[in-house]
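Encoded as structure tokens, the structure appears first; notes follow it.
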Amino acid sequence: MDFVAQLTLFVLAIFLGVELITKVPPTLHTPLMSGSNAISGITVVGALIAAGSDSGLLINVLGFAAVVLATINVIGGFMVTNRMLAMFKRK
Amino acid sequence: MHVSQNWIDIAYLIAAVLFVVGIKGLTKPKTAVRGNLLAAAGMGVAAVVTLLNEHIVTYEIIIAGVVVGGLIGAIMAKKVQMTSMPQMIALLNGFGGGASFAVASAEFFRGSADNTVSIIATGAAVLIGAVTLTGSLVAFAKLQELIDGKPMGFPGMKVVNAILFVGSLVGIGYLVVNPGNETVFWGLVAAAMLLGLLLVLPIGGADMPVVIALLNSYSGVAASAAGFVMGNSALIITGSLVGASGLILTSIMCKAMNRSLTNVLFGVMAEAG
Chain A
1 MDFVAQLTLF
11 VLAIFLGVEL
21 ITKVPPTLHT
31 PLMSGSNAIS
41 GITVVGALIA
51 AGSDSGLLIN
61 VLGFAAVVLA
71 TINVIGGFMV
81 TNRMLAMFKR
91 K
Chain B
1001 MHVSQNWIDI
1011 AYLIAAVLFV
1021 VGIKGLTKPK
1031 TAVRGNLLAA
1041 AGMGVAAVVT
1051 LLNEHIVTYE
1061 IIIAGVVVGG
1071 LIGAIMAKKV
1081 QMTSMPQMIA
1091 LLNGFGGGAS
1101 FAVASAEFFR
1111 GSADNTVSII
1121 ATGAAVLIGA
1131 VTLTGSLVAF
1141 AKLQELIDGK
1151 PMGFPGMKVV
1161 NAILFVGSLV
1171 GIGYLVVNPG
1181 NETVFWGLVA
1191 AAMLLGLLLV
1201 LPIGGADMPV
1211 VIALLNSYSG
1221 VAASAAGFVM
1231 GNSALIITGS
1241 LVGASGLILT
1251 SIMCKAMNRS
1261 LTNVLFGVMA
1271 EAG
């Protein structure tokens, strides 16, 4: 992908992100933060590619660390968000 | 089995749509649960399709990492007390930033950063990822009362922070001119990690939720920068999406607490420095 195409995606996604969040009731502040934190675990995509590239010990170690950290972020993130939201429903 | 990059990118587009719909859902009480599930489904799509990437030649490390990370993440999510949620999010967010930092480092040592754009993107991912990592760990430690929740600082802290930040930028500039210099790279890593610590230490426990929201925005930007290094649309789109929406959420949370963001970030530093 060339740089201009990358930059286009970057800029448009920023505008989309700004427009996406408007009024959020205070009770949803923490779950929304938690959910978007889980989504920022998208870096797992980069981690998987680095870990599977088999290009030397240092990169294998960094790749493994990246996959472990990103997976904790993703799995933990979506699970705690779900737990928080389940609590609200019971009330 | 490897498929054409076009199909992978289409799957990434589907994942991005699921994230957008998911975040939108999370802003309303009625649709919040569904929003979270849609976002999780998007992550599943993005992760699975990535396994078909042509650059992945071995799966042992991936499987080991996913099993270890998945178990730790699931146990943490099950065990955590509801009252400890803010520090849990801080910790998870720190791990996310750490992951982007590790990805960018792996790309640096693989020699992928071979042109100006990818070197700057690598430097940005390392800088922002490492700041997110150590900053979130401080936020976690303060809320968990592992360290004193009171603002901590020393005279001249602002100046030290400015030097660390400008020094990091100079380091990245040096790497553009002399790609592959490992000493400068590790210097950048050290400066960024220290900067993360120093930025969050002077902030009091009560303001921590706002800081965590801001660090969450940072981790999105770090992921996006890693996407520029790898030429990966999923990372660029989703990272910048979270970066921008996280910033808006940060400002909404500030308003709800009757605080200004500048006040949260620099208010105490002025007193200390």
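First to last, the protein sequences are chains A and B.
Letter by letter, the first sequence follows residues 1 to 91 of our numbering.
Letter by letter, the second sequence follows residues 1001 to 1273 of our numbering.
In this text, a Cβ means the ideal position worked out from N, Cα and C, and glycines have one as well.
- Task: Return the first residue and the last residue of the alpha helix (DSSP H) that Ser1100/B is part of.
- Result: Met1085 to Arg1110
- Message: Let's see if you can read the secondary structure: which residues bound the alpha helix (DSSP H) around Asp1009/B?
- Response: In the DSSP annotation of this structure, the continuous segment of the alpha helix (DSSP H) that includes Asp1009/B starts and ends at Gln1005 to Leu1026.
- Task: Tell me, please, whether the CB atom of Ile1147/B is closer than 9 Å to any CB atom in chain A?
- Result: no
- For Leu59/A, the first and last residue of its enclosing alpha helix (DSSP H): In the sequence as displayed, the identity of residue 59/A is Ile instead of Leu. Per DSSP, the continuous alpha helix (DSSP H) segment holding Ile59/A begins and ends at Leu57 to Thr71.
- Query: Which two residues bound the contiguous alpha helix (DSSP H) that contains Arg1034/B?
  - Reply: Ala1032 to Thr1050
- Shorter than 9 Å from the beta carbon of Ala1206/B to some beta carbon of chain A? It does not: the Cβ of Ala1206/B has no partner Cβ on chain A nearer than 9 Å.
- Message: Using 8 Å for Cβ pairs, my map puts Leu1247/B next to Ser1217/B. What's the rounded Cβ distance?
- Response: 5 Å
- Does the stretch 1217 to 1229 of chain B touch the stretch 41 to 51 of chain A, meaning 3 or more C-beta pairs lie closer than 8 Å? As far as the Cβ criterion goes, the stretch 41 to 51 of chain A touches the stretch 1217 to 1229 of chain B, which means the pair count is three or higher.
- Task: Under 8 Å Cβ to Cβ from Ile1008/B, same chain only, skipping five residues before and after it: list those, please.
- Result: Val1049, Thr1050, Leu1052 and Asn1053
- Task: Please report the residue range of the alpha helix (DSSP H) in which Met1253/B lies.
- Result: Ser1233 to Ala1256
- Euclidean distance between Cα positions of Gly85/A and Met79/A: Note that residue 85/A is Leu in the sequence shown here, rather than Gly. Using only the alpha carbons, I get a separation of about 10 Å.
- Message: Quick check on DSSP: helix, strand or coil for Tyr1218/B?
- Response: helix
- Query: What three-state label does DSSP hand Arg96/A in the structure shown?
  - Reply: There is simply no residue 96/A to check, as chain A begins at 1 and stops at 91 in what is shown.
- Task: State buried or exposed for Lys1142/B, treating a residue as buried only when at least 16 other CB atoms are found within 10 Å of its CB.
- Result: By the 10 Å Cβ count, Lys1142/B comes out buried.
- Query: Going by the beta-carbon positions, is the gap between Asn82/A and Leu1037/B smaller than 9 Å?
  - Reply: yes
- Going by CA-CA distance only, name the one from Thr1122/B, Gly1096/B, Phe1108/B and Pro1155/B that's closest to Ser34/A. Gly1096/B
- Under 8 Å by beta carbon: chain A residues contacting Pro1086/B: In chain order: Thr30.
- Item | Expected contact under 8 Å - CB spacing of Tyr1174/B and Val1160/B to nearest Å | Actually they are not in contact, since the Cβ atoms of Tyr1174/B and Val1160/B sit about 20 Å apart, beyond 8 Å.
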